[in-house]
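Protein chains in written order, with our numbering: chain A, 1 to 298; chain B, 299 to 728.
Structure representation (structure tokens):
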């Protein structure tokens with residue numbers, strides 16, 4: 001008997017060892033490429049950095065400098081403005097697209113592919129093409145409008161322009177996620193509702209929306225996070241010589257300019273830590289808020 | 299179980315072998331392999347030619363020219379400096395040389411030619427060239443490679459259409475504006491395109507007017523100097539003229555693009571771009587030419603002449619394992635022969651005094667011969683490119699203020715103040 005348990009525990013041990021070996025590649029990758037750099041960033045945010053990786057710990061100096069800089073608050077406002085522009089409209093449009101792609105229309109697969117296409121195109125290419133579309137002198141939009149709107153260089157408009165491109169690039173991906181949520185809704189609900197005389201609109205608000213809300217919640221969290229982190233799009237759309245630069249500078253763009261153009265990695269790191277805190281806060285609020293509108297009962 | 303252990307062992311060993319093979323720089327042929335890092339793909343052939351000339355005499359050395367784009371070059375070079383794996387030879391730019399020199403990442407090459415001639419540098423390179431390779435301590439951290447100037451590029455057809463005489467060496471700012479107005483009135487094309495650039499823009503005007511961007515001590519800014527302010531105001535106000543596009547336009551269309559798509563008649567261009575523009579716009583050949591920069595008609599001091607002159611150099615790490623051989627290669631790169639080959643390839647104007655015309659002669663091969671000698675004529679009164687150790691820190695802030703003045707978010711006076719502050723505080727923060 002005792003022999004037996006010993007064997008079993010030996011077996012369990014080897015099994016758990018194999019478990020560790022199997023997850024090792026991911027864990028090691030995570031530790032080396034995410035956790036360690038993150039801890040390092042925290043350390044740098046409290047340091048005065050010098051070229052060639054040298055630094056000395058200086059306490060909260062960087063944070064004081066950061067909170068005192070108008071540029072930083074401007075970047076916060078820009079980022080929040082960008083989120084307000086992209087998240088509600090983007091998610092609403094994705095939902096509309098998802099519902100439409102869920103109906104029986106001709107060439108449904110084709111349309112699904114078309115909407116997903118922006119997701120497979122490199123962001124740099126997307127930005128390049130849109131930059132030409134929005135070009136003041138030769139862009140197709142201004143040609144159609146027969147009006148010279150400074151889409152990319154007017155400080156008041158530039159964020160809207162960036163938001164349009166961001167929404168366009170994200171719709172397909174969000175719609176596909178929402179589509180998978182929609183397809184999990186049993187047809188019988190709709191049948192029962194239509195027998196009771198519910199209109200299509202009523203069906204949408206009373207069946208589709210509550211049933212898809214868990215997926216919607218995931219999409220909302222992801223979209224908001226990536227909107228706060230927006231960088232590549234703005235970097236590609238806005239040249240250094242653009243007079244609207246300060247009106248389009250997001251937090252991550254500010255981080256890039258501080259760290260890699262001005263060479264002040266300490267201050268850049270503080271901006272990153274601030275952004276992480278901001279994302280954390282927003283996500284906590286969302287998890288708290290979801291109790292009120294997300295429906296997990298099937 | 300045993301089998302599994304063997305398999306794991308095999309895996310581990312093969313991975314180790316893989317790692318090790320990645321590390322060793324197989325020099326199975328018994329030769330010394332050197333790497334040479336540059337950022338300009340247009341100069342690859344020219345650099346290869348210089349290397350070939352060296353390796354022909356030294357068959358035991360192989361030099362590989364590697365090109366990394368400008369935008370990645372500095373991130374990459376700094377990473378190699380941290381991990382002590384710098385390329386054997388690399389280009390160094392005035393923007394960065396002080397940082398690398400002050401932190402001991404590039405070798406002090408002041409004594410490079412001592413065995414040959416202790417006065418070698420002073421004899422063969424101009425003062426501006428030498429100040430471009432100096433560290434904060436005044437020693438030479440690179441072998442001067444080339445030197446450049448900024449000139450005025452103009453569209454002959456548009457001048458003809460507006461019945462305006464081509465720019466002459468006596469041209470002043472007033473002539474520049476007058477010609478611009480006439481061309482705009484006659485053809486509807488833009489005149490001189492003044493945009494938010496430093497080296498190819500306002501720096502030239504500031505120094506022509508007797509102002510300065512950095513004071514004598516090379517630490518404090520010059521944006522509180524009246525001559526600087528006057529020149530800045532003149533330059534920035536040009537965008538208010540109907541013949542000059544505004545900064546919004548330039549954010550989407552560079553002056554070069556506008557010029558070569560025949561939208562504008564004049565802009566300032568560095569000589570290093572001229573050859574590739576001849577090659578890239580073959581149907582424009584014969585329609586345009588170059589001239590010296592117009593001078594300031596009533597400078598606060600000086601004769602109203604100036605052009606910004608920058609220069610690159612060849613540098614190496616002080617800890618490279620092939621240091622002695624590299625030094626020999628660098629000696630050759632800075633020699634009359636090495637510089638001549640560079641000039642003849644059309645890559646750039648050699649820094650070596652007396653070889654400037656080798657670069658100009660490259661333009662003989664085109665059907666229309668540009669007056670590129672004007673770029674050489676300007677060396678006489680050229681001004682060293684603006685630089686100090688803190689430039690990376692203040693550069694972005696000065697640009698931001700400049701753009702805010704252009705877009706009206708900041709008044710001209712406040713803009714000048716914030717530019718001045720940016721330069722001064724950058725030094726204090728250190």
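No residue lacks a Cβ here, since even glycine has one placed at the ideal position from N, Cα and C.
What you are looking at is a predicted structure, and each value in this text was computed from that prediction instead of being measured.
Limits of the alpha helix (DSSP H) - the one that residue i falls within
i: residue 715 of chain B; result: 710-726
i: residue 693 of chain B; result: 689-704
i: residue 38 of chain A; result: 36-45
i: residue 673 of chain B; result: 671-675
i: residue 533 of chain B; result: 524-535
i: residue 450 of chain B; result: Careful: residue 450 of chain B lies outside any alpha helix (DSSP H), inside the beta strand (DSSP E) at 448-453.
Boundaries of the beta strand (DSSP E) in which residue i is found, first to last residue
i: residue 331 of chain B; result: 330-336
i: residue 362 of chain B; result: 359-365
i: residue 57 of chain A; result: 55-57
i: residue 613 of chain B; result: 611-613
i: residue 681 of chain B; result: 680-682
7 Å CB neighbourhood of residue i in its chain, flanking five on each side removed
i: residue 570 of chain B; result: 446, 646
i: residue 44 of chain A; result: 55, 265, 266, 269
i: residue 675 of chain B; result: 590
Helix, strand or coil at residue i according to DSSP, with G and I counted as helix
i: residue 390 of chain B; result: strand
i: residue 467 of chain B; result: coil
i: residue 487 of chain B; result: coil
i: residue 149 of chain A; result: coil
i: residue 281 of chain B; result: Residue 281 of chain B cannot be examined here, being either before or after the span of chain B that is shown, 299 to 728.
i: residue 344 of chain B; result: helix
i: residue 198 of chain A; result: coil
i: residue 586 of chain B; result: strand
i: residue 355 of chain B; result: helix
i: residue 296 of chain A; result: coil
i: residue 185 of chain A; result: coil
i: residue 651 of chain B; result: coil
i: residue 82 of chain A; result: helix
i: residue 707 of chain B; result: coil
Straight-line gap, residue i to residue j (C-alpha atoms, nearest Å)
i: residue 587 of chain B; j: residue 457 of chain B; result: 11 Å
i: residue 708 of chain B; j: residue 25 of chain A; result: 53 Å
i: residue 726 of chain B; j: residue 82 of chain A; result: 35 Å
i: residue 592 of chain B; j: residue 401 of chain B; result: 40 Å
i: residue 348 of chain B; j: residue 356 of chain B; result: 13 Å
i: residue 333 of chain B; j: residue 87 of chain A; result: 49 Å
i: residue 449 of chain B; j: residue 496 of chain B; result: 14 Å
i: residue 123 of chain A; j: residue 672 of chain B; result: 44 Å
i: residue 342 of chain B; j: residue 362 of chain B; result: 11 Å
i: residue 540 of chain B; j: residue 482 of chain B; result: 8 Å
i: residue 370 of chain B; j: residue 260 of chain A; result: 11 Å
i: residue 353 of chain B; j: residue 278 of chain A; result: 58 Å
i: residue 112 of chain A; j: residue 198 of chain A; result: 28 Å
i: residue 559 of chain B; j: residue 453 of chain B; result: 11 Å
i: residue 49 of chain A; j: residue 433 of chain B; result: 21 Å
i: residue 510 of chain B; j: residue 467 of chain B; result: 23 Å
i: residue 190 of chain A; j: residue 110 of chain A; result: 26 Å
i: residue 489 of chain B; j: residue 451 of chain B; result: 11 Å
i: residue 547 of chain B; j: residue 236 of chain A; result: 17 Å
i: residue 323 of chain B; j: residue 625 of chain B; result: Unreliable positioning characterises residue 323 of chain B in this predicted model, as indicated by a pLDDT of 48, which lies under 50. A coordinate reading is not provided.
i: residue 637 of chain B; j: residue 364 of chain B; result: 19 Å
i: residue 538 of chain B; j: residue 474 of chain B; result: 15 Å
i: residue 461 of chain B; j: residue 565 of chain B; result: 19 Å
i: residue 231 of chain A; j: residue 187 of chain A; result: 42 Å
i: residue 604 of chain B; j: residue 712 of chain B; result: 27 Å
i: residue 714 of chain B; j: residue 403 of chain B; result: 35 Å
Outcome for residue i when other beta-carbon atoms lying within 10 angstroms are tallied against a minimum of 16
i: residue 264 of chain B; result: Only positions 299 to 728 of chain B appear in the structure, and residue 264 of chain B is not among them; the question remains open.
i: residue 667 of chain B; result: exposed
i: residue 104 of chain A; result: exposed
i: residue 464 of chain B; result: exposed
i: residue 206 of chain A; result: exposed
i: residue 622 of chain B; result: exposed
i: residue 601 of chain B; result: exposed
Same chain only: Cβ atoms within 8 Å of residue i, ignoring 5 sequence neighbours per side
i: residue 628 of chain B; result: 387, 407, 410, 441, 612, 614
i: residue 246 of chain A; result: 71, 74, 155
i: residue 171 of chain A; result: 90, 93, 94, 97, 115, 118
i: residue 213 of chain A; result: 293, 294, 295
Cut-off 6 Å between Cβ atoms - residues of its own chain near residue i, not counting five sequence neighbours on either side
i: residue 644 of chain B; result: 573, 660
i: residue 351 of chain B; result: 639
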